[in-house]
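Single-structure report; data block below.
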Amino acid sequence: MPNTLDTAWAIAWLRLSATVVAENRMALIELDRAIGDGDHGENLDRGFTAILEKLDAEPPATPGAAFKLAAMTLMSKVGGAAGPLYGTAYLRAATAVGEAAELDAATLVAALAAARDGVVARGKAETGDKTMIDAWTPAVDAATAAAESGAEPAAVLAAAATAAEAGAAATEPLIARKGRASYLGERAIGHRDPGAQSSALILRAAAQAAGA
Amino acid sequence: MSVGLVIVSHSAQLAAGVVELAAQMAPNVVLLPAGGMDDGGIGTSLEKVMEALGAADTGDGAVVLTDLGSAVMTAESALEFLGSPENVRLADAPLVEGAIAAAVAAQSGASLDVVCKAAETALQPAAAPPVVEPVETQATAVTAVLTLINPMGLHARPAAVLAGELGAMDVDIEINGVDAQSVMMLMTLGAGQGTELNVTATGPDARRAVALVRSEVEAGFGEI
Numbered sequence: 412m413p414n415t416l417d418t419a420w421a422i423a424w425l426r427l428s429a430t431v432v433a434e435n436r437m438a439l440i441e442l443d444r445a446i447g448d449g450d451h452g453e454n455l456d457r458g459f460t461a462i463l464e465k466l467d468a469e470p471p472a473t474p475g476a477a478f479k480l481a482a483m484t485l486m487s488k489v490g491g492a493a494g495p496l497y498g499t500a501y502l503r504a505a506t507a508v509g510e511a512a513e514l515d516a517a518t519l520v521a522a523l524a525a526a527r528d529g530v531v532a533r534g535k536a537e538t539g540d541k542t543m544i545d546a547w548t549p550a551v552d553a554a555t556a557a558a559e560s561g562a563e564p565a566a567v568l569a570a571a572a573t574a575a576e577a578g579a580a581a582t583e584p585l586i587a588r589k590g591r592a593s594y595l596g597e598r599a600i601g602h603r604d605p606g607a608q609s610s611a612l613i614l615r616a617a618a619q620a621a622g623a
Numbered sequence: 477m478s479v480g481l482v483i484v485s486h487s488a489q490l491a492a493g494v495v496e497l498a499a500q501m502a503p504n505v506v507l508l509p510a511g512g513m514d515d516g517g518i519g520t521s522l523e524k525v526m527e528a529l530g531a532a533d534t535g536d537g538a539v540v541l542t543d544l545g546s547a548v549m550t551a552e553s554a555l556e557f558l559g560s561p562e563n564v565r566l567a568d569a570p571l572v573e574g575a576i577a578a579a580v581a582a583q584s585g586a587s588l589d590v591v592c593k594a595a596e597t598a599l600q601p602a603a604a605p606p607v608v609e610p611v612e613t614q615a616t617a618v619t620a621v622l623t624l625i626n627p628m629g630l631h632a633r634p635a636a637v638l639a640g641e642l643g644a645m646d647v648d649i650e651i652n653g654v655d656a657q658s659v660m661m662l663m664t665l666g667a668g669q670g671t672e673l674n675v676t677a678t679g680p681d682a683r684r685a686v687a688l689v690r691s692e693v694e695a696g697f698g699e700i
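From first to last, the protein sequence lines are chains A and C.
Be aware that the first sequence starts at 412, since it is given in the working numbering, and climbs by one per residue.
Be aware that the second sequence starts at 477, since it is given in the working numbering, and climbs by one per residue.
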């Protein structure tokens, strides 16, 4: 396994995310229909499909440029709250990696943390509110621990993805305190948060794109 | 020129409608809708917002007004993309009332801060029921009784001028029992020519605030 990830990985991640989101479109729609307005799968699918077109039209030269392309596209094409939330995540990640052509484990952790902080700042949600944050925060914590113990980038991302999946599953018993689901009170209990679920899917795609 | 406004809504029709309504009262202000998705669907689009922001600021800055949740996030994201420009403000205001208050203030040539404040104070709650005030507060209140001399009275434009200028001061000021820092509350007075205005102000800028109201009213808001 290489100890850095490059632009090809960043592009592969975005492409794989598009595939995974398309495959899970109906599943995300059903999760969102239970406790939201039912458009999460469709909106994200539209956003990532647009990313594929942009990647073909103007291939980015650095990982940061790829993240910025994703940010701009998601914010313009998704429409719902997921657009600015994921868009901000990618935008902050782009800022964190700067012009670097190769990302080592520490830089990846910094990018994940910046992405998570961006989602927190934009959505004003906290851990336990039954949102994307409940996948992102354990992912960042796990990635940090993995990098500190000397893991390579692919293993760091795999640790992040596994923690995000557990975090998404752990949203099921929660009462939502942000977003549309917060109007449902106790009726949200027993349903997984669609944003946490899509976050876990996208982070797993990052690990898979790195060969983990 | 004047401060420009960008109206961000999930619906293209709603954004266009707010612009139409506000334009009636502010014919010289650049008012741009950024509503709906690129394909016309419901949602907000970063590209549309950024495009409108670029065109709305003609030198004096721009104020952005939004409808619901993700419109606010999209507007914030647009500002982040643009590097948080100093000449753009995101108003925390009700869309329709805020847009009209801001448009009227912009039409009167108010500064960026005053236009933003006009939007944000557009919907202040009606004056609280009277309470017995401590004697020292009453003693420090600055008061004036003024009569409206201009034929149109305290209509939208002068209301926006007063609320805008007063909004930028550190003062609690009421005119005939309503908050004079709110353009909407001033307009609810329906005060026409000859109406007597009871002005009461407290706070560090009380004297300056009452003097401003006096000079505007006595000058007929520049309309005579």
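We treat Cβ as the ideally placed atom computed from N, Cα and C, and that holds for glycine.
Here the structure is a predicted model, which means the values were calculated and not measured.
is_contact[residue i, chain A] using C-beta, thresh 9 Å
i               : result
K524 of chain C : yes
G545 of chain C : yes
T534 of chain C : no
S553 of chain C : yes
T550 of chain C : yes
F697 of chain C : no
E612 of chain C : Caution applies to E612 of chain C, whose pLDDT of 48 falls short of 50 and renders its modelled position unreliable; the model cannot decide the point.
E556 of chain C : yes
A602 of chain C : No answer about A602 of chain C holds up, because its pLDDT of 46 lies below 50 and its placement is not dependable.
I651 of chain C : no
Continuous beta strand (DSSP E) stretch holding residue i: start and end
i               : result
E650 of chain C : D648 to I651
E704 of chain C : With chain C running from 477 to 700 in the structure shown, residue 704 of chain C is simply not present.
A627 of chain C : The sequence given here has Pro at residue 627 of chain C, not Ala. Neither: P627 of chain C is in no beta strand (DSSP E) and is coded neither H nor E.
A510 of chain C : L507 to G511
Run of the alpha helix (DSSP H) containing residue i, from where it starts to where it stops
i               : result
L427 of chain A : T418 to E434
G530 of chain C : L522 to A532
T573 of chain A : P564 to A580
P549 of chain A : I544 to E559
I483 of chain C : Premise fails: I483 of chain C lies in the beta strand (DSSP E), G480 to S485, not in any alpha helix (DSSP H).
E588 of chain C : According to the sequence displayed, residue 588 of chain C carries Leu and not Glu. Note, L588 of chain C: alpha helix (DSSP H), L588 to E596.
M645 of chain C : Careful: M645 of chain C lies outside any alpha helix (DSSP H) and carries neither H nor E.
M661 of chain C : V659 to T664
A488 of chain C : A488 to M501
A704 of chain A : Nothing about residue 704 of chain A can be read from this structure; chain A reaches only from 412 to 623.
A682 of chain C : A682 to E694
Chain C contact for residue i (CB, 9 Å cutoff)
i               : result
I533 of chain A : Residue identity differs from the one stated: residue 533 of chain A is Arg in this sequence, not Ile. Yes, R533 of chain A lies at the interface with chain C (some Cβ there is under 9 Å from its Cβ).
S610 of chain A : no
K465 of chain A : no
P605 of chain A : no
N414 of chain A : no
G509 of chain A : no
M486 of chain A : yes
N435 of chain A : no
M483 of chain A : yes
G590 of chain A : yes
A618 of chain A : no
Buried versus exposed call for residue i [16 or more other C-beta atoms within 10 Å across all chains shown]
i               : result
Y594 of chain A : exposed
A695 of chain C : exposed
N674 of chain C : exposed
M437 of chain A : exposed
L466 of chain A : buried
A517 of chain A : exposed
R603 of chain A : buried
E496 of chain C : exposed
P584 of chain A : exposed
P627 of chain C : exposed
E464 of chain A : exposed
G643 of chain C : buried
D543 of chain C : buried
K479 of chain A : buried
V621 of chain C : exposed
K535 of chain A : exposed
Taking Cβ-Cβ distances below 8 Å as the criterion, which residues of the stretch 504 to 523 of chain C are in contact with chain A?
So the close ones are M513, D514, G517, I518, G519, T520, S521, L522 and E523.
Would you mind listing the beta strand (DSSP E) stretches within the stretch 539 to 576 of chain C that are 3+ residues and don't spill past its ends, in chain order?
The beta strand (DSSP E) runs of length 3 or more contained entirely in the stretch 539 to 576 of chain C are, from start to end of the chain, 564 to 566.
Between the stretch 489 to 502 of chain A and chain C, which residues of the former have CB atoms less than 9 Å from a CB of the latter, in chain order?
Listed by position, the residues of the stretch 489 to 502 of chain A near chain C (Cβ gap below 9 Å) are V489, G490, G491, A492, A493, G494, P495, L496, G498, T499 and L502.
Which runs of the alpha helix (DSSP H), 4 residues or longer, sit entirely within the stretch 438 to 515 of chain A?
Those alpha helix (DSSP H) runs which fall completely within the stretch 438 to 515 of chain A and span 4+ residues are 451 to 468, 474 to 488 and 493 to 508.
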